[in-house]
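Protein chains in written order, with this note's numbering: chain A, 203 to 400; chain B, 203 to 400.
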């Protein structure tokens, strides 16, 4: 099992420091009560006007839904994701009940998955989000209505051993997490002007 | 000071249970080391291809940046947000370095703010995100380049007393948090078909 602590410059909560996106997951099934807590965490996420534009199509390994979700994956993700115990598709509702376009639908959907991810860390579970999938196949297989957009496929499970992975993935599994500095993302005065807070 | 615990059906982490979006904030300034930890938390958020499409324009009360951020707010948010100690604009980079459209830019920006919010709870701070602002004014005032989209304005601070708010906001400040049930968002088989996990 590989640990990837963030090399953070300023203190952050352990669930954020230790979070990363493995591809090697254990075969072990996830306890149903833990799965319920994951989606309960997503439920209490904030959203513009409390619209809650998040929906999820949940597949547990061994079910037809799981098999269908694997059919939406791209060639790279097919090399690892079908072995995880749980996959789900995230879907954004892009139009409000009054018919208006909700321009923060994806932003709020992303927040709900971040909430789910913190809860996963609390449960000893890891999350790996994928944008490498075919949304059109998902729409067809799951009868996803117009104005609803599949955005990511998410894998959840207990961490496994990196040496069980396809060779194409072995390096990524152990390479340190990297980010540009916070000071390169936070501006004051004008865009691209550094803030004095750092 | 008003507490709004989520009436959750399944256990969730206290930072998710107790999180809510107040409008009544205390005058007290936020310690710079806490502000650095907030953006450090955002920094370690996941993103598709590790693109990190998140940028922030930070205004601390009393600065010109803060004044300019208040100029982007809509009429409703102007009634409360100018009194908070810290405001920032979230900005999504919508195009990758290779020129391709990044269709998860807003989703990943939302995740980074959820990470920041989780860290805020850890620091005893509260966060209130607003979509009620004028992105075009923000683009002009802060020279935000083409292909970068201002998505929300975010208020951060210590919680204040609800009775200091404009009367239009008093009710919302104490009304319980509400969400549809998790079981109404999680499907299996087809979209809109309930999952057996609940």
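Glycine is no exception: its CB is placed at the ideal position from the N, C-alpha and C atoms.
In the three-state reduction of the DSSP assignment, residue 208/A falls in the coil class, being assigned neither a helical nor a strand state. Nearest in C-alpha terms to residue 268/B, of all of 356/B, 334/B, 315/B, is 356/B.
Burial is judged here by how many other beta carbons sit within 10 angstroms of a residue's own beta carbon; residue 217/A has at least 16 and is buried.
If you draw a 10 Å sphere on the C-beta of residue 314/B, you find 16 or more other C-beta atoms in it, and that means buried. With distances taken between CA atoms, residue 277/B lies nearest to 335/B out of 335/B, 378/B, 351/B. The beta carbon of residue 400/A sits closer than 6 Å to those of 385, all from its chain and outside the five residues before and after it, given in chain order. For residue 399/B, the chain A residues whose C-beta falls within less than 9 Å of its own C-beta are 234, 237, 238, 241, 260, 262, listed in chain order.
In the DSSP assignment, residue 351/B falls outside any alpha helix (DSSP H) and lies within the beta strand (DSSP E) extending over 350-359. Between the beta-carbon of residue 304/A and that of residue 293/A there is about 13 Å, and that puts the pair past the 8 Å contact cut. Unbroken beta strand (DSSP E) runs of no fewer than 3 residues, entirely contained in the segment 271-305 of chain A, are found at 288-295, following chain order. No Cβ of chain A is located within less than 7 Å of the beta carbon of residue 274/B.
Taking the C-beta atoms as reference points, residue 330/A is found no nearer than 7 Å to residue 209/A. Of all residues in the segment 382-393 of chain B, the ones placed with a Cβ closer than 8 Å to any Cβ belonging to chain A are 382, 383, 384, 387, 388, 389, 390, 391, 392, 393, in chain order.
Residue state for residue 262/A is assigned as strand, using DSSP reduced to three classes. For residue 309/A, there is no enclosing beta strand (DSSP E); the enclosing alpha helix (DSSP H) has its first and last residue at 307-324. The beta carbon of residue 317/A sits closer than 7 Å to some beta carbon of chain B.
By the rule that beta-carbons nearer than 7 Å mark a contact, residue 301/B does not touch chain A. Among the bridge pairs identified by DSSP, residue 336/A is matched with none. Residue pairing by DSSP places residue 227/A opposite 361/A in a beta bridge. Looking at 325/B, 289/B, 225/B, the one whose alpha-carbon comes closest to that of residue 233/B is 325/B.
With respect to chain B, the C-beta atom of residue 295/A has no partner C-beta closer than 7 Å. The CB of residue 210/B comes closer than 7 Å to the CB of 242, 246 in chain A, given here in chain order.
Within the same chain, and ignoring the five residues on either side of residue 374/A in sequence, the residues whose Cβ sits closer than 8 Å to its Cβ are 225. For the C-beta of residue 353/B, the chain A residues within less than 7 Å are, from N- to C-terminus, 306, 309. Note on residue 205/A: under 16 other CB atoms within 10 angstroms of its CB, so exposed under the neighbour-count rule. Neighbours of residue 360/A in chain B, taken as residues at a C-beta separation under 7 Å, are lacking, since the least C-beta distance is about 17 Å. Listed in chain order, the positions of the segment 331-354 of chain A with a beta carbon within less than 8 Å of a beta carbon of chain B are 331, 333, 344, 345, 346, 347, 350, 353, 354. In the DSSP secondary-structure assignment, residue 331/A is bridged to 356/A.
290/A is the residue among 341/A, 319/A, 214/A, 290/A whose C-alpha sits nearest the C-alpha of residue 263/A. Under the Cβ criterion of 7 Å, residue 207/A is not counted among the residues facing chain B.
Taking 7 Å as the cut-off, the beta carbon of residue 393/B is found no closer than this to the beta carbon of residue 310/A. Taking residue 368/B as reference, the option from 308/B, 280/B, 359/B with the minimal CA-CA separation is 280/B. Looking at the backbone, the Cα of residue 359/A and that of residue 230/A are separated by about 8 Å.
Just measuring C-alpha positions, the residue of 219/A, 361/A, 300/A, 275/A sitting nearest residue 253/A is 300/A.
Residue range 234-245 is occupied by the alpha helix (DSSP H) that includes residue 236/A.
If you draw a straight line from the Cα of residue 395/B to the Cα of residue 389/B, it is about 5 Å long.
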